[in-house]
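The structure appears right after this line, and notes come after that.
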Amino acid sequence: MTAQKIVSDRIAMLRYLMIVGVVILHTPPYVPITEIGPGIFDFIKAFFQNAAFRATVPVLTLISGYLLFRSGLDQDWRRLFNKKARTIALPFFVFNLLVLAGAFAAQHLLGLRMSYQLIPFDTQTWLDAAFGMSASPINYPLNFLRDLIVLMVCAPLLGFILRNWAWPGFAAVFLISFNNLDGTLILREVMPIMFYLGGMAATRNWNLLALDRYALPCLGLLVVLCACVVHFQVGNTTYFRFVAPFLIWSATALLHNTRPGRWLQSQSKASFFIFLAHAPLLLVSSVAYQKLGHDIPYPLYWIATPVLIIAILSLAYRTFMRICPRLFAPLIGAQTPGPHSTAPSLGAPARVAP
77 MTAQKIVSDR IAMLRYLMIV GVVILHTPPY VPITEIGPGI FDFIKAFFQN AAFRATVPVL
137 TLISGYLLFR SGLDQDWRRL FNKKARTIAL PFFVFNLLVL AGAFAAQHLL GLRMSYQLIP
197 FDTQTWLDAA FGMSASPINY PLNFLRDLIV LMVCAPLLGF ILRNWAWPGF AAVFLISFNN
257 LDGTLILREV MPIMFYLGGM AATRNWNLLA LDRYALPCLG LLVVLCACVV HFQVGNTTYF
317 RFVAPFLIWS ATALLHNTRP GRWLQSQSKA SFFIFLAHAP LLLVSSVAYQ KLGHDIPYPL
377 YWIATPVLII AILSLAYRTF MRICPRLFAP LIGAQTPGPH STAPSLGAPA RVAP
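Counting in my numbering, the sequence shown runs without a single skipped number right up to 430 at its last residue.
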């Protein structure tokens, strides 16, 4: 098996694993690290929600940057913008505006209060809710896509810098992002840095398998760092989010060419749809639990909800791709399966990196 095939397989495996992590990360309610309880369950929940899966966005951004610049798409801006309009921008608008319409109906008809109050009308609130102009969009996980769209627009310039002044360019990107000199242009300061690092890995032909021999120590160090974040109640995990993706990538060598690894890889096709659609289902589950779940222990809710939502959305993905692929595939940025296809493909590069 070639090195590039190993890298491709691990990207597919890691993509799905990180999307599962995103769903777990967003399972309500959010508890600040300084308010976690003393119990074992509280520690486990904080381990994943306040530490381990805080690395999901950096990992996915790193993958997105690597795949984009490895493809050379940044050197053909027309093809870049046409492709990313279909594979990133269209799904962003479709799934965010659907949630916006649902939220407006719920507030107008049922009088529900939400983080985005759309009634009475306020221009800035609606611009942020619909398009993420200066804050997270109403379908809040799509904040990642909102920032990724900005990075795709910047990709031709970043690609030129990567191929001519890679390290000075990295220093500039780091200083601008880390000090928030870009204002609200990109909302997550870690994303430009990881996107650029992914580009460096691609354009400078880094050996992505160099640390595989240290996979087990990398996994151990990752676990220790996550435990330290929880134990010492570290609220600012910025430095952790810079380091964790490289430990996670190396640790995936332990799963490569194993039965669990192959299963994760096989599920990767549905990962982007799960990412796009999980937040509304989490909201519904939270409302239902608050009203009806008095006899259900919260740990059971927290464990079962992500599993059920991922299972439901995976089934929905397969169903829609089977019965209406030509309508459904474009909505999630996927290629429409051909008439002789037996399985849909979601292999577009930076889809989240999905």
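Idealized CB from N, CA, C, for every residue including glycine.
(Q) Which complete alpha helix (DSSP H) runs does the stretch 112-151 hold, if anything under 4 residues is left out? (A) If one requires a minimum length of 4 residues, the alpha helix (DSSP H) runs lying completely within the stretch 112-151 are 116-122 and 132-147, in chain order.
Q: Determine the closest residue to F171 out of L194, N158, L218 and L359, with distance taken between C-alpha atoms.
A: The sequence position of residue 171 within the sequence shown is 95, counting from 1. Ranking the options by Cα distance to F171, first place goes to L218.
**Q.** P142 versus L273 - alpha carbon distance
**A.** Stepping through the sequence shown from its first residue, residue 142 is reached at position 66. Stepping through the sequence shown from its first residue, residue 273 is reached at position 197. A quick correction: the sequence has Tyr, not Pro, at residue 142. A straight-line Cα-Cα distance of about 8 Å links Y142 and L273.
Q. By Cβ distance below 6 Å, which residues in the same chain neighbour I95 in space, the five residues on each side in sequence not counted?
A. Along the sequence shown, read from residue 1 onward, the residue named residue 95 stands at position 19. Apart from sequence neighbours up to five positions away, the residues of its chain that approach I95 with a beta-carbon distance below 6 Å are S347, I350 and F351, ordered along the chain.
Q) Which residue's Cα is closest to the Cα of D258: F318, D223 and F117? A) Along the sequence shown, one-based indexing puts residue 258 at 182. Ranking the options by Cα distance to D258, first place goes to D223.
(Q) Determine whether the beta carbon atoms of L101 and L340 lie at a separation below 8 Å. (A) Walking along the sequence shown from the start, residue 101 turns up at place 25. Walking along the sequence shown from the start, residue 340 turns up at place 264. Cβ distance not < 8 Å, so L101 and L340 don't count as in contact.
**Q.** Beta-carbon spacing of I385, L358 below 8 Å
**A.** Sequence index remark: in the sequence shown, residue 385 carries index 309 (1-based). Sequence index remark: in the sequence shown, residue 358 carries index 282 (1-based). With respect to the 8 Å criterion, I385 and L358 are classified as neighbours on the basis of their beta carbons.
Q. What three-state label does DSSP hand Q309 in the structure shown?
A. As a working mapping, residue 309 is identified with position 233 in the sequence shown. Annotated three-state conformation of Q309 is coil, per DSSP.
Q: Within 10 angstroms of the Cβ of T395, are there 16 or more other Cβ atoms? Answer buried if so, exposed if not.
A: Locating residue 395 in the sequence shown gives position 319, where the first residue counts as 1. With fewer than 16 Cβ atoms within 10 Å of its Cβ, T395 is classed as exposed.
(Q) Suppose contacts are defined by Cβ-Cβ distances below 8 Å. Is G245 in contact with L238 by that definition? (A) Position 169 of the sequence shown, counted from the start, is the residue given in the question as residue 245. Position 162 of the sequence shown, counted from the start, is the residue given in the question as residue 238. Going by C-beta atoms, G245 is nearer than 8 Å to L238.
Q.
Which of the three DSSP states is assigned to H102 in this structure?
A. One-based indexing of the sequence shown puts residue 102 at position 26. Here H102 carries a helix assignment [DSSP, helix/strand/coil].
(Q) By the three-class DSSP mapping on this structure, what secondary structure does R264 have? (A) Position 188 of the sequence shown, counted from the first residue, corresponds to residue 264. Look at R264 here: in three-state DSSP terms it is coil, with no helix or strand label.
Q.
Output needed for P430: all residues of its chain with C-beta closer than 6 Å, excluding positions within five of it in sequence on either side, in chain order.
A. Start at 1 with the first residue of the sequence shown, and residue 430 comes out as number 354. Note that P430 scores 39 on pLDDT, short of 50, meaning its location in the model is unreliable; the coordinates nonetheless yield the value given after this. Correct list, in chain order: R91, S347, F348 and F351.
**Q.** Inter-residue CB distance, A161 and I214 (contact presumed, cutoff 8 Å)
**A.** In the sequence shown, residue 161 corresponds to position 85, counting from 1. In the sequence shown, residue 214 corresponds to position 138, counting from 1. With a contact defined as Cβ atoms closer than 8 Å, A161 and I214 miss out at about 21 Å.
Q) In angstroms, rounded to a whole number, what distance separates the CA positions of Y216 and P406? A) Taking the sequence shown and counting its residues from 1, the one referred to as residue 216 is at position 140. Taking the sequence shown and counting its residues from 1, the one referred to as residue 406 is at position 330. Computed Cα separation, rounded: 21 Å.
Q) Which first and last residues belong to the alpha helix (DSSP H) in which K159 is found? A) On the sequence shown, position 83 is the one that residue 159 refers to. First-last of the alpha helix (DSSP H) with K159: W153 to K160.
Q: Could you tell me whether the stretch 300-317 touches the stretch 110-127, where touching means 3 or more Cβ pairs closer than 8 Å?
A: Contact holds: three or more Cβ-Cβ distances are below 8 Å.
Q.
Rounded to whole angstroms, what is the Cα-Cα separation between M77 and G235?
A. Indexing the sequence shown from 1 puts residue 77 at position 1. Indexing the sequence shown from 1 puts residue 235 at position 159. Separation of M77 and G235 (C-alpha to C-alpha, rounded to the nearest whole angstrom) is 29 Å.
Q. Would P356 pass as a contact of V175 if the rule is Cβ separation under 8 Å?
A. Here the question's residue 356 lines up with position 280 in the sequence shown. Here the question's residue 175 lines up with position 99 in the sequence shown. For the 8 Å CB-CB criterion, P356 and V175 form a contact.
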